[in-house]
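Step one of this worksheet: look at the structure below.
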Amino acid sequence: MNIILFGPPGAGKGTQAKFLIEKFKIIQISTGDILREEVKLKTDLGISAKNIMDNGDLVPDEIIMSIVEKRLAEPDCKKGFILDGFPRTLNQALELEKILKVQNSEINKIIFIDVDEDILIDRITTRALETSNIREDDNSTILKNRIKIYKKDTKPVLDFYKNMKKLVTVNGMMSIEDVSKAIVKLL
Ligand code: ADP
Numbered sequence: 087m088n089i090i091l092f093g094p095p096g097a098g099k100g101t102q103a104k105f106l107i108e109k110f111k112i113i114q115i116s117t118g119d120i121l122r123e124e125v126k127l128k129t130d131l132g133i134s135a136k137n138i139m140d141n142g143d144l145v146p147d148e149i150i151m152s153i154v155e156k157r158l159a160e161p162d163c164k165k166g167f168i169l170d171g172f173p174r175t176l177n178q179a180l181e182l183e184k185i186l187k188v189q190n191s192e193i194n195k196i197i198f199i200d201v202d203e204d205i206l207i208d209r210i211t212t213r214a215l216e217t218s219n220i221r222e223d224d225n226s227t228i229l230k231n232r233i234k235i236y237k238k239d240t241k242p243v244l245d246f247y248k249n250m251k252k253l254v255t256v257n258g259m260m261s262i263e264d265v266s267k268a269i270v271k272l273l
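The sequence shown begins at 87 in my numbering and counts up by one.
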């Protein structure tokens, strides 16, 4: 089973991905986590991505696609995978289709975790205040930019999968546990 977890920043994709990995014994591919690791290791890729990420902008599609293509070629993806934070542009979604076609594989479902904008802002502000390990992209000016970019560049991805009849929606404003239950029901 190959799944995309989709939703605005702060929707809880990472939390739900962790639950699904355990439940279905499949792997998670988070482009955000991969990029943060590259930043930490100060690789060339990490160095060029850092400022973009700190501003809440999108890392160029070519960089993202080379990361994803490499990762999807690993043998552990054969048993199924969860994509989290990708695709974030229509172009990334189209490129993903090409990669999967070559591998004779496909996305089975895209799960949209739907959360109202005012709740997102509350959540990320709280996350920024509570964690000692503050993410530089968790402050409110940058968050507003991330939400703006989500609306402009990422939302079109929803329509793409909706047209393919692969989109299912869960209410992401319920408790973490109830969101997990709703996702399992839909799979
Ligand atoms: P979120 O808090 O929404 O889960 P992520 O951890 O997925 O955020 O991503 C953090 C940052 O990494 C993004 O704001 C963006 O700069 C970059 N990034 C991650 N995935 C992608 C992608 N698929 N395309 C472009 N940029 C990405």
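Glycine residues also receive a C-beta, built at the ideal position from the N, C-alpha and C atoms. Just so it is clear, the structure is predicted and the values come from calculations on it, not from any experiment.
Quick one: give me the first and last residue of the beta strand (DSSP E) that residue i is part of.
i: residue 246; result: First-last for residue 246: 241-249, but that is the alpha helix (DSSP H), not the beta strand (DSSP E).
i: residue 89; result: 88-92
i: residue 257; result: 253-257
i: residue 114; result: 113-116
i: residue 105; result: Element bounds for residue 105: not the beta strand (DSSP E) but the alpha helix (DSSP H), 99-110.
Which residues does DSSP list as the beta-bridge partners of residue i?
i: residue 195; result: 89
i: residue 212; result: In DSSP, residue 212 forms no bridge with anything.
i: residue 276; result: Outside the shown range of the chain, which is 87 to 273, sits residue 276, and nothing can be said about it.
i: residue 55; result: As displayed, the chain neither begins before 87 nor continues past 273, which places residue 55 out of reach and without an answer.
Taking 7 Å as the cut-off, does the CB of residue i come closer than this to any heavy atom belonging to ligand 1?
i: residue 242; result: no
i: residue 157; result: no
i: residue 116; result: yes
i: residue 264; result: no
i: residue 98; result: no
i: residue 127; result: no
i: residue 145; result: yes
i: residue 161; result: no
i: residue 178; result: yes
i: residue 172; result: yes
i: residue 232; result: yes
i: residue 258; result: no
i: residue 132; result: no
i: residue 196; result: no
i: residue 138; result: yes
i: residue 273; result: no
For residue i, which option in the options has the closest C-alpha, if you only look at C-alpha atoms?
i: residue 96; options: 226, 239, 268, 264; result: 226
i: residue 189; options: 216, 156, 199; result: 156
i: residue 99; options: 201, 216, 246; result: 201
i: residue 258; options: 88, 94, 87; result: 94
i: residue 210; options: 168, 230, 180, 254; result: 230
i: residue 183; options: 132, 242, 247; result: 247
i: residue 198; options: 87, 88, 92; result: 92
i: residue 235; options: 256, 203, 216, 260; result: 203
In terms of residues, what are the limits of the alpha helix (DSSP H) holding residue i?
i: residue 158; result: 147-158
i: residue 132; result: 130-140
i: residue 225; result: Looking at the DSSP string, residue 225 is not in any alpha helix (DSSP H), and its letter there is neither H nor E.
i: residue 187; result: 176-188
i: residue 272; result: 262-272
Measure from the C-beta of residue i to each C-beta in chain C and report whether the shortest distance is under 8 Å.
i: residue 243; result: No chain C appears in this structure, which consists of one protein chain only.
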